[in-house]
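Below is one structure; the comments refer to it alone.
In this note's numbering, the protein residues as written are 324 to 617.
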């Protein structure tokens with residue numbers, strides 16, 4: 324039985340204040356937690372492709388009325404669901420509410436026709452990992468966070484990068500990927516940031532050799548711009564590793580004062596050796612997990 328002062332509802336615009344409060348309180352102590360007001364939350368939900376009607380909010384009643392105390396955010400595309408985040412306010416943890424939220428969104432996604440639910444969990448988030456495992460989620464692969472913030476001298480084999488139209492880069496780059504992207508790095512997900520993205524192409528004697536799509540993010544230090552790499556692609560063939568190195572080395576030389584990051588790059592990516600060779604360091608890692616809803 325649920326406590327009479329607790330209930331779960333599916334998301335709606337009417338519940339936006341509760342969703343915002345549930346997100347902020349639930350992720351207040353999360354390693355990568357951010358605090359958002361309602362306009363920022365609206366933009367975040369749009370950029371993440373979240374479906375409010377398939378997401379759930381945990382509501383708690385106090386003297387002032389009902390307020391948000393947790394969330395489970397969901398997107399559904401082409402028969403696949405993704406839980407972008409699960410959070411419960413710290414005072415309410417340990418009572419099975421995270422499980423109730425997950426069971427609620429899983430049932431909703433199944434009813435909407437989703438065949439599976441996907442999510443990511445930080446490797447050191449033991450409580451979340453135990454919860455997802457107990458619900459039947461299976462590990463798929465490791466996804467790495469990379470960061471490069473120390474200026475490096477340009478290598479001798481840097482090539483010019485040319486700014487290009489973002490739509491051109493989106494259409495071309497994803498035809499060259501050999502491994503499925505993490506949910507936030509799919510063409511569909513990256514395109515949601517279209518108005519903010521920068522794109523470059525690398526050329527050699529054979530023509531276009533590589534693509535990179537970046538998202539500017541707020542700088543944390545004066546004079547140190549920040550770019551998140553959203554998409555990397557090189558021309559398929561026998562020299563992919565060399566092209567990957569040239570693409571990243573050239574990007575770093577082209578933006579020598581920039582702090583770069585990349586999230587959820589598969590550990591087995593062909594870019595892993597090139598990232599290491601061009602001064603990127605592993606900052607964190609997640610486990611991609613999936614659950615069949617059939």
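Yeah, the Cβ is synthetic: ideal placement off N, Cα and C, and Gly gets one too.
Rounded C-alpha distance that separates residue i from residue j
i, j, result
"residue 444", "residue 453", "10 Å"
"residue 532", "residue 483", "11 Å"
"residue 421", "residue 351", "16 Å"
"residue 497", "residue 556", "7 Å"
"residue 559", "residue 573", "19 Å"
"residue 408", "residue 466", "16 Å"
"residue 359", "residue 419", "26 Å"
"residue 361", "residue 342", "9 Å"
"residue 379", "residue 528", "53 Å"
"residue 430", "residue 548", "43 Å"
"residue 512", "residue 506", "7 Å"
"residue 521", "residue 493", "11 Å"
"residue 571", "residue 514", "22 Å"
"residue 426", "residue 326", "17 Å"
"residue 534", "residue 428", "37 Å"
"residue 385", "residue 329", "10 Å"
Residue environment, residue i, which counts as buried when at least 16 other CB atoms sit within 10 Å
i, result
"residue 503", "exposed"
"residue 347", "buried"
"residue 355", "exposed"
"residue 450", "exposed"
"residue 324", "Confidence at residue 324 is low in this model, with a pLDDT of 45, below 50, so the placement of that residue should be treated as unreliable; the coordinate-derived value is given next. Looking at its Cβ environment, which holds fewer than 16 other Cβ atoms inside 10 Å, residue 324 is exposed."
"residue 588", "buried"
"residue 517", "exposed"
"residue 353", "exposed"
"residue 524", "buried"
"residue 554", "buried"
"residue 526", "exposed"
"residue 485", "exposed"
"residue 410", "buried"
"residue 541", "exposed"
"residue 337", "exposed"
From the options, residue whose alpha carbon lies closest to that of residue i
i, options, result
"residue 564", "582, 598, 554, 583", "598"
"residue 413", "432, 449, 393, 426", "393"
"residue 383", "369, 616, 349, 457", "349"
"residue 519", "536, 340, 530, 389", "536"
"residue 487", "389, 495, 604", "495"
"residue 544", "561, 582, 569, 330", "582"
"residue 613", "489, 458, 508, 334", "458"
"residue 480", "386, 423, 424, 575", "575"
"residue 601", "540, 530, 551, 472", "472"
Contact test: residue i Cβ vs the ligand HEM heavy atom, cutoff 7 Å
i, result
"residue 435", "The ligand content of the structure shown is nil, which means the ligand HEM is not present either."
Whole-number beta carbon distance between residue j and residue i, since they are thought to touch under 8 Å
i, j, result
"residue 538", "residue 567", "The pair is not a contact, with the Cβ atoms about 20 Å apart (cut-off 8 Å)."
"residue 470", "residue 579", "Not quite, the Cβ-Cβ distance comes to about 16 Å (not below 8 Å), so this is no contact."
"residue 405", "residue 370", "Incorrect: roughly 14 Å between the Cβ atoms, too far for contact."
"residue 395", "residue 616", "About 15 Å; that fails the 8 Å criterion."
"residue 391", "residue 434", "So it is not a contact: roughly 23 Å between Cβ atoms."
"residue 416", "residue 591", "About 34 Å; that fails the 8 Å criterion."
The region 601-609 / the region 433-449 touching (three or more Cβ pairs under 8 Å): yes
Inter-stretch contact (C-beta, 8 Å, three-pair minimum) for the region 395-402 and the region 366-375: yes
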